[in-house]
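In the numbering used here, the protein residues as written are 2 to 478.
The following block contains the structure:
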């Protein structure tokens, strides 16, 4: 047997081993603590922040929303939204979270007290975390508002003349107050915290008033996300699964009107199926209080939604051009610059003015949303998870107090004429900047099968070529 003295392997002092174990254990504990902040989430990229999905037994439940009916505004209690980010297959750098939130870590030793007493002091060894946000000031000059990417003040020269007398809307401060409240609510859930992109989504909100004719307008400079919501059994009896199966989809919009046909809303069969499934599950004995609560909500809301869709129609984001404003704006106390659902609006981007209306109400901490139809006009790749414009180059002109009642199905030519008139009140559109004319895609969709049916009928009614030749001589006499 070899003598221990002849063993050539390197050895370490005995005191090194405990320190090695301590170092490894401490490192693992620190890593575990940091990674606990980064729980894996689903592979859905939310279109901002934003539509709420309540999960009940694996099923999505359409959330409550603001519904406007004629001259009565009903405000439902909103359910908080949730942001989800793509799961990661490999560990990521904890210094930058998926929502672009920078996570800085440092050590700040303080020489104070003795070990025995500090061991009993819970605050002696702790981690302190603060979320630091640089809150933006509202842009008030043409150069800062438009930046390098927008020519809104060239398209409507009168706007620039109104800037010196313009007031910053109190809605701007309220918007950023709401954003900070949303951040504060998620302080212990970094991955679901409001993202950097969605915090800085609004450059300004200004109140403009023409000194002579008194025309008022809200100028909002922001980005453009899209919504895919809305349904209308009168105008569309089938479902585009690619759009309508979105986890964020809701079959209603805030702008709605009484149905004019007996056509069933195409979503009603799906809601009935969901209702039956929830009722069957709710009848099971021994479920947890939380599951029973969610099922009860699903049942009650599904019943109300069925009643609503049976008698009302809504805008369809895939086919109708409209913009979305936060709930707090369209439900604010009445004032000369308070927007309402149904107000006319002009959306300026890439040198074109697009007529629209305020058709829906969205999250209180989000600005810069339009319908999917508007997004597809700019980028054919747009979908509920892909925004058409990421930078702050979209100008929204909202004309408060211009909503026409009772609400009715969209009339795009009427919208264009109204928006053109309101822009004229602000000085008019310069040459070379068109006001877009929207095509009625649903009418074109209906006309195609009708035309095909007429062609088929005409072909069946026409005489065979042989018969035509046989009667030709007789007809010529």
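Built from N, CA and C at the ideal position, the CB exists for glycine as well. As the structure is a computational prediction, the values presented were derived from the model and not from experiment.
Please report how far the alpha carbon of residue i lies from the alpha carbon of residue j, in whole angstroms.
{"i": "residue 399", "j": "residue 341", "result": "10 Å"}
{"i": "residue 56", "j": "residue 299", "result": "Its pLDDT being 45, under 50, residue 56 is placed unreliably in this model, and the value from its coordinates should be taken loosely. Going from the Cα of residue 56 to the Cα of residue 299 covers about 9 Å."}
{"i": "residue 52", "j": "residue 441", "result": "Any reading at residue 52 needs caution, since the residue's pLDDT is 43, under 50, leaving its predicted position unreliable; the model's value is listed next. C-alpha separation (whole angstroms): 27 Å."}
{"i": "residue 367", "j": "residue 127", "result": "35 Å"}
{"i": "residue 165", "j": "residue 415", "result": "32 Å"}
{"i": "residue 135", "j": "residue 171", "result": "19 Å"}
{"i": "residue 430", "j": "residue 105", "result": "49 Å"}
{"i": "residue 198", "j": "residue 402", "result": "31 Å"}
{"i": "residue 332", "j": "residue 121", "result": "52 Å"}
{"i": "residue 220", "j": "residue 437", "result": "19 Å"}
{"i": "residue 178", "j": "residue 281", "result": "43 Å"}
{"i": "residue 433", "j": "residue 370", "result": "26 Å"}
{"i": "residue 144", "j": "residue 209", "result": "17 Å"}
{"i": "residue 211", "j": "residue 338", "result": "13 Å"}
{"i": "residue 406", "j": "residue 317", "result": "19 Å"}
{"i": "residue 293", "j": "residue 363", "result": "28 Å"}
{"i": "residue 387", "j": "residue 226", "result": "8 Å"}
{"i": "residue 28", "j": "residue 246", "result": "Annotation note: pLDDT 47 at residue 28 (below 50); position unreliable, coordinate value reported separately. Roughly 44 Å separates the two Cα atoms."}
{"i": "residue 109", "j": "residue 129", "result": "10 Å"}
{"i": "residue 445", "j": "residue 202", "result": "35 Å"}
{"i": "residue 382", "j": "residue 418", "result": "29 Å"}
{"i": "residue 115", "j": "residue 131", "result": "28 Å"}
{"i": "residue 413", "j": "residue 439", "result": "6 Å"}
{"i": "residue 305", "j": "residue 248", "result": "20 Å"}
Can the beta-carbon of residue i be found closer than 8 Å to that of residue j?
{"i": "residue 375", "j": "residue 348", "result": "yes"}
{"i": "residue 435", "j": "residue 353", "result": "yes"}
{"i": "residue 425", "j": "residue 372", "result": "no"}
{"i": "residue 361", "j": "residue 232", "result": "no"}
{"i": "residue 385", "j": "residue 289", "result": "no"}
{"i": "residue 326", "j": "residue 252", "result": "no"}
{"i": "residue 377", "j": "residue 218", "result": "no"}
{"i": "residue 312", "j": "residue 259", "result": "yes"}
{"i": "residue 285", "j": "residue 356", "result": "no"}
{"i": "residue 153", "j": "residue 160", "result": "yes"}
{"i": "residue 269", "j": "residue 307", "result": "yes"}
{"i": "residue 344", "j": "residue 404", "result": "yes"}
{"i": "residue 423", "j": "residue 216", "result": "yes"}
Need the endpoints of the beta strand (DSSP E) that residue i sits in, please.
{"i": "residue 258", "result": "257–259"}
{"i": "residue 206", "result": "203–210"}
{"i": "residue 324", "result": "323–327"}
{"i": "residue 372", "result": "370–372"}
{"i": "residue 294", "result": "Premise fails: residue 294 lies in the alpha helix (DSSP H), 290–312, not in any beta strand (DSSP E)."}
Cutting at 8 Å between CB atoms, please list the residues of its own chain near residue i, excluding the five before and the five after it.
{"i": "residue 261", "result": "235, 314 and 410"}
{"i": "residue 241", "result": "319"}
Identify, in the order they occur along the chain, each residue of the same chain with its Cβ nearer than 7 Å to the Cβ of residue i, setting aside the five sequence neighbours on each side.
{"i": "residue 151", "result": "394 and 396"}
{"i": "residue 238", "result": "264 and 267"}
{"i": "residue 204", "result": "140, 146, 222, 223 and 393"}
{"i": "residue 330", "result": "172 and 340"}
{"i": "residue 250", "result": "229 and 230"}
Got a sec? Which residues, its chain only, sit under 6 Å from residue i by beta carbon, not counting five neighbours each side?
{"i": "residue 276", "result": "303"}
{"i": "residue 119", "result": "125"}
{"i": "residue 380", "result": "389"}
{"i": "residue 148", "result": "none"}
{"i": "residue 200", "result": "180"}
{"i": "residue 273", "result": "none"}
{"i": "residue 206", "result": "170, 172, 173 and 221"}
{"i": "residue 336", "result": "none"}
{"i": "residue 257", "result": "313 and 315"}
{"i": "residue 190", "result": "none"}
{"i": "residue 74", "result": "Reliability of the predicted coordinates at residue 74 is poor, the pLDDT of 42 falling under 50, and no value is obtained from them."}
On the DSSP bridge assignment, give the partners of residue i in chain order.
{"i": "residue 396", "result": "222 and 349"}
{"i": "residue 436", "result": "354"}
{"i": "residue 148", "result": "Answer by DSSP bridge pairing: none, since residue 148 is not bridged."}
{"i": "residue 315", "result": "257"}
{"i": "residue 363", "result": "327"}
{"i": "residue 1", "result": "Only positions 2 to 478 of the chain appear in the structure, and residue 1 is not among them; the question remains open."}
{"i": "residue 228", "result": "372"}
{"i": "residue 249", "result": "According to DSSP, which records beta bridges pairwise, residue 249 is partnered with nothing at all."}
{"i": "residue 390", "result": "225"}
{"i": "residue 384", "result": "387"}
Return no unless some Cβ of chain C is closer than 8 Å to the Cβ of residue i.
{"i": "residue 138", "result": "Structure shown: chain C not included; a single protein chain is present."}
Any chance the CB of residue i is under 7 Å from a heavy atom of the ligand SAM?
{"i": "residue 243", "result": "Absent from the structure shown: the ligand SAM. Ligands present: none."}
Looking at the unbroken alpha helix (DSSP H) that takes in residue i, where does it start and where does it end?
{"i": "residue 127", "result": "It is not in any alpha helix (DSSP H) - residue 127 carries neither H nor E in the DSSP assignment."}
{"i": "residue 413", "result": "413–426"}
{"i": "residue 179", "result": "171–186"}
{"i": "residue 269", "result": "269–283"}
{"i": "residue 153", "result": "153–156"}
{"i": "residue 197", "result": "197–200"}
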